[in-house]
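Note that the protein sequences, when read in sequence, are chains U and X.
The working numbering applies: residue 348 is where the first sequence begins, and numbers increase by one.
The working numbering applies: residue 10 is where the second sequence begins, and numbers increase by one.
For every residue, glycine included, the Cβ atom is placed at its ideal position computed from N, Cα and C.
Worksheet: one structure, shown below.
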Amino acid sequence: MWPFIARSLEVATILLIAAIGELLNQRSGVINVGIEGLMLLGAAAGFITASTWGLIPAFIIGMIIGGLFGLIHAILSTSLKVNQVVSGMGIWLFAMGFVTYWADRYSGPLPRGVVSPRIYELSPMFFIALIIVVVIWFVLSKTHLGLKIKSVGENPFAAEVSGVKVIRTRYLCTVIGGMLAGLAGAFLSTTYLGAWSHLPTKGLGWIAFALVMFSLWRPMILLGGALTFGFIWQFAISPETIYAGIPAPLPILRMLPFIATIVVLVIISREKFRKKWALSKPEALGEPYIKE
Amino acid sequence: MISLEALKLKLERIPVVSGGQAVRISLLSLVFSFIIFSIFLSIEGANPIDAYTNIFSFAFDSNLGLPTTLHRGLFLLFSTLAFIVPYSARLWNVGMEGQFYLGTIGAFAVAYSLPTLHPALLIPLMLLSGALFGAGYGALAGYLRGKLNVNEVVGCLMLNNIAFWLVYLLTVGGPWAGIAESTSRPLPPNAHAPIIFYTPFTSYLAVGIAIVLYIFLSKSVLGYKIRVLGNSPMAAQHVGINAPRTYILVMTIGGAIAGLSGYHMWAGDPAFLMIPRPEAYKAIGDLTYWGLIIGLVCLLNPVAAIPTSVFIGSIMVGSTVLVRRLRLPFGLDVLFLGLVSITFAAFQFFYMYRIRRMK
Numbered sequence: 348m349w350p351f352i353a354r355s356l357e358v359a360t361i362l363l364i365a366a367i368g369e370l371l372n373q374r375s376g377v378i379n380v381g382i383e384g385l386m387l388l389g390a391a392a393g394f395i396t397a398s399t400w401g402l403i404p405a406f407i408i409g410m411i412i413g414g415l416f417g418l419i420h421a422i423l424s425t426s427l428k429v430n431q432v433v434s435g436m437g438i439w440l441f442a443m444g445f446v447t448y449w450a451d452r453y454s455g456p457l458p459r460g461v462v463s464p465r466i467y468e469l470s471p472m473f474f475i476a477l478i479i480v481v482v483i484w485f486v487l488s489k490t491h492l493g494l495k496i497k498s499v500g501e502n503p504f505a506a507e508v509s510g511v512k513v514i515r516t517r518y519l520c521t522v523i524g525g526m527l528a529g530l531a532g533a534f535l536s537t538t539y540l541g542a543w544s545h546l547p548t549k550g551l552g553w554i555a556f557a558l559v560m561f562s563l564w565r566p567m568i569l570l571g572g573a574l575t576f577g578f579i580w581q582f583a584i585s586p587e588t589i590y591a592g593i594p595a596p597l598p599i600l601r602m603l604p605f606i607a608t609i610v611v612l613v614i615i616s617r618e619k620f621r622k623k624w625a626l627s628k629p630e631a632l633g634e635p636y637i638k639e
Numbered sequence: 010m011i012s013l014e015a016l017k018l019k020l021e022r023i024p025v026v027s028g029g030q031a032v033r034i035s036l037l038s039l040v041f042s043f044i045i046f047s048i049f050l051s052i053e054g055a056n057p058i059d060a061y062t063n064i065f066s067f068a069f070d071s072n073l074g075l076p077t078t079l080h081r082g083l084f085l086l087f088s089t090l091a092f093i094v095p096y097s098a099r100l101w102n103v104g105m106e107g108q109f110y111l112g113t114i115g116a117f118a119v120a121y122s123l124p125t126l127h128p129a130l131l132i133p134l135m136l137l138s139g140a141l142f143g144a145g146y147g148a149l150a151g152y153l154r155g156k157l158n159v160n161e162v163v164g165c166l167m168l169n170n171i172a173f174w175l176v177y178l179l180t181v182g183g184p185w186a187g188i189a190e191s192t193s194r195p196l197p198p199n200a201h202a203p204i205i206f207y208t209p210f211t212s213y214l215a216v217g218i219a220i221v222l223y224i225f226l227s228k229s230v231l232g233y234k235i236r237v238l239g240n241s242p243m244a245a246q247h248v249g250i251n252a253p254r255t256y257i258l259v260m261t262i263g264g265a266i267a268g269l270s271g272y273h274m275w276a277g278d279p280a281f282l283m284i285p286r287p288e289a290y291k292a293i294g295d296l297t298y299w300g301l302i303i304g305l306v307c308l309l310n311p312v313a314a315i316p317t318s319v320f321i322g323s324i325m326v327g328s329t330v331l332v333r334r335l336r337l338p339f340g341l342d343v344l345f346l347g348l349v350s351i352t353f354a355a356f357q358f359f360y361m362y363r364i365r366r367m368k
């Protein structure tokens, strides 16, 4: 039982790190639908680095690559005012091609000796993820910087008038969001999977993206969502540890996380929640800031 | 941060980009991505000019790549049209992948249950069933968006992943499993698409749909309503356009078109004539996202999408020679496509702005 829980906490870690980054950049008004692509890039960079230099450099390189493509998204969507969905999709399509070219030749498990440390079978990265969430929650809700970030996401024009640098804030949040997505990817390939196979994220990035939407942009709700979906995802992969002889075939189980996402989206879109949702949604989300 | 002021440049907003400008911008972005890809080619020790010559001579040689180029290019046209209709109402249909899978299921279900039916009946039935399955799946995303207010990008992507596993359920060890590991049974010979002048007849169907959609979107009342809703939801509300119903309608049309491509893809290419193993059908499913890029590059013009799709198809097919003929590393061909897509996305900037020197 415990190994199963440890594994699902690791999936929750991946979701949490990626989603908290996305939450941060959405709070500043930038949607990044390329999060799956950023995770792929981070995963490939991390995996290749880990094979030669070990885990810590892998995480750092994963973050750098993620941040770099976060920066590209920031340049496209903030400075060049390209539609954020188009820019994110472009980055995702690029990532699928680039990662196939770059990392598929290293397909297979990590070399012996590159083993991630585990405390009672759980990677310490879980606790780092919790710390990241608390830090981002603290910054967003308790600090002056957080107020600035939220004001840029709500009403960039008012924010600019009151002296907040809109463009700079959005760059900052998008790059940090990209770094966290890259880190999540590196953790996925080096620790959770410990091996490279063709395009390993398998939709996790999209789940993380959806988690942000139904967290009402609040880090603590996001934490609950990530834990729940980590469990569902891991259950779909190894159900027999919980329920021996489960009658459902594998493909049906693998659909579960995606079906669950739609169900949650439908529930929170109901009239009762919709008002609350509309209130907590960053007002300028997805809108480029165009100074006239 | 890019500071234009420091470079003595300023941005000037373009109210409406003309077709001619769009063509110029697209060609420019292609040149740009070709230059970037040359760097990768050089790193791998290939001569870029030589590589590009190989790519396009293969893609357009009627004895070699041309049939596949047309087939894949018109497959992309289906995806593009499936994107254009919903996007005219400013709905992001990124569910072409799932609608294509459902179309596949619809078409194959007919072929497997009526394998001995005369082709003149069987093929139209397969197309119809594929379109219906795709339309239903599109309508589901449209219903989620229109009635339940679920964001269509997230909704569509979840549906895509579900559809991927649905096909998996049917083919890998499922009721449609073939003798070979993890592919489906071959299609009955009656279901194979007739080839007319290098390409299956469904290619002409795609071109026909493009022309009909062009007229529908620009000349018909309904098309006009869809565009009003896309350009200004407020104005649409004032003139009494039912937004939820229109959202479901456009997604249904989009889904039906994407569903047709399920038949076109597997029954039209002699290399398949079945559903291949999951990685292979997923790789084709991933191509459907090109519909978004091509649709936007063509300014949502269905007719302009015809040559653009074929051209992207030629890159897809032609660049496989890098691996097969020039013995370059695996994945270089998909990298090329990725580069083209990200530059197209970046060059969307020039659809909105012009850079002027400050006086």
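Contact under 7 Å by Cβ, residue i with residue j
{"i": "X:Asp278", "j": "X:His80", "result": "yes"}
{"i": "U:Ile503", "j": "U:Ala631", "result": "A small fix is needed here, since residue 503 of chain U is Pro in this sequence, not Ile. Yes, these two residues count as a Cβ contact at 7 Å."}
{"i": "X:Val163", "j": "U:Ala557", "result": "yes"}
{"i": "X:Gly187", "j": "X:Arg194", "result": "yes"}
{"i": "X:Gly147", "j": "X:Met260", "result": "yes"}
{"i": "U:Met602", "j": "X:Trp185", "result": "no"}
{"i": "X:Pro338", "j": "X:Ile93", "result": "no"}
{"i": "X:Leu222", "j": "X:Gly139", "result": "no"}
{"i": "X:Val159", "j": "U:Ser616", "result": "yes"}
{"i": "X:Val306", "j": "X:Ser42", "result": "no"}
{"i": "X:Thr192", "j": "X:Arg286", "result": "yes"}
{"i": "X:Ile171", "j": "U:Phe605", "result": "yes"}
{"i": "X:Tyr96", "j": "X:Ile257", "result": "no"}
Cβ-Cβ separation, residue j to residue i (assumed contact under 8 Å), whole Å
{"i": "X:Gly112", "j": "X:Gly271", "result": "3 Å"}
{"i": "X:Ala265", "j": "X:Gly74", "result": "About 30 Å separates the two Cβ atoms, so there is no contact after all."}
{"i": "X:Gln108", "j": "X:Ala91", "result": "7 Å"}
{"i": "U:Leu371", "j": "U:Ile483", "result": "6 Å"}
{"i": "X:Met105", "j": "X:Gly300", "result": "5 Å"}
{"i": "U:Ser375", "j": "U:Arg565", "result": "At roughly 15 Å, the Cβ-Cβ gap does not stay under 8 Å, so U:Ser375 and U:Arg565 are not in contact."}
{"i": "U:Ile367", "j": "U:Ala392", "result": "Between U:Ala392 and U:Ile367 the Cβ distance is about 20 Å, and since that is not below 8 Å, they are no contact."}
{"i": "X:Tyr362", "j": "X:Ala31", "result": "About 14 Å; that fails the 8 Å criterion."}
Neighbour flag for residue i against chain U, beta carbons, 7 Å
{"i": "X:Phe87", "result": "no"}
{"i": "X:Ala354", "result": "yes"}
{"i": "X:Met10", "result": "At X:Met10 the pLDDT is 48, less than 50, meaning the model places this residue with poor confidence and gives no usable figure here."}
{"i": "X:Leu178", "result": "yes"}
{"i": "X:Gly340", "result": "yes"}
{"i": "X:Ile351", "result": "yes"}
Closer than 9 Å at the beta carbon, the chain X residues around residue i
{"i": "U:Thr538", "result": "Residues of chain X passing the Cβ test: none, with the nearest at roughly 23 Å."}
{"i": "U:Asn372", "result": "Those within 9 Å of U:Asn372 in chain X number zero; the least Cβ separation is about 16 Å."}
{"i": "U:Arg621", "result": "Asn158"}
Any C-beta of chain X under 7 Å from that of residue i
{"i": "U:Ser616", "result": "yes"}
{"i": "U:Val613", "result": "yes"}
{"i": "U:Gly381", "result": "no"}
{"i": "U:Ile361", "result": "no"}
{"i": "U:Arg601", "result": "yes"}
{"i": "U:Phe485", "result": "no"}
{"i": "U:Gly437", "result": "yes"}
{"i": "U:Tyr448", "result": "yes"}
{"i": "U:Phe605", "result": "yes"}
{"i": "U:Ser627", "result": "no"}
Residue i: contacting residues in chain U (beta-carbon distance under 8 Å)
{"i": "X:Gly304", "result": "What X:Gly304 touches in chain U: nothing, since even the nearest Cβ is about 10 Å away."}
Partners in chain U for residue i, counting only beta-carbon separations shorter than 9 Å
{"i": "X:Leu348", "result": "Phe441, Gly444 and Phe445"}
Partner residues on chain U for residue i, Cβ-Cβ distance less than 7 Å
{"i": "X:Glu288", "result": "His545"}
{"i": "X:Met361", "result": "Lys428"}
{"i": "X:Gln357", "result": "Val429, Asn430 and Val433"}
{"i": "X:Trp101", "result": "Val432"}
Chain X residues whose Cβ lies nearer than 7 Å to that of residue i
{"i": "U:Thr608", "result": "Met167"}
{"i": "U:Gly550", "result": "Asn170"}
{"i": "U:Val513", "result": "None at all; the shortest Cβ gap to chain X is about 11 Å."}
Under 8 Å by beta carbon: chain X residues contacting residue i
{"i": "U:Trp553", "result": "Val163, Leu166, Met167 and Asn170"}
{"i": "U:Arg452", "result": "Pro338, Phe339 and Gly340"}
{"i": "U:Met311", "result": "This structure does not reach residue 311 of chain U, given that chain U is present from 348 up to 639, and the question cannot be answered."}
Going along the region 568-599 of chain U in order, which residues come within less than 9 Å of chain C, judged by CB to CB distance? The structure shown contains no chain C; its protein chains are U and X.
Entirely enclosed beta strand (DSSP E) segments - the region 70-157 of chain X, minimum 3 residues: none
Taking only runs of the alpha helix (DSSP H) that begin and end inside the region 229-303 of chain X, which ones reach a length of at least 4 residues, in chain order? 230-240, 242-247, 252-277 and 287-296
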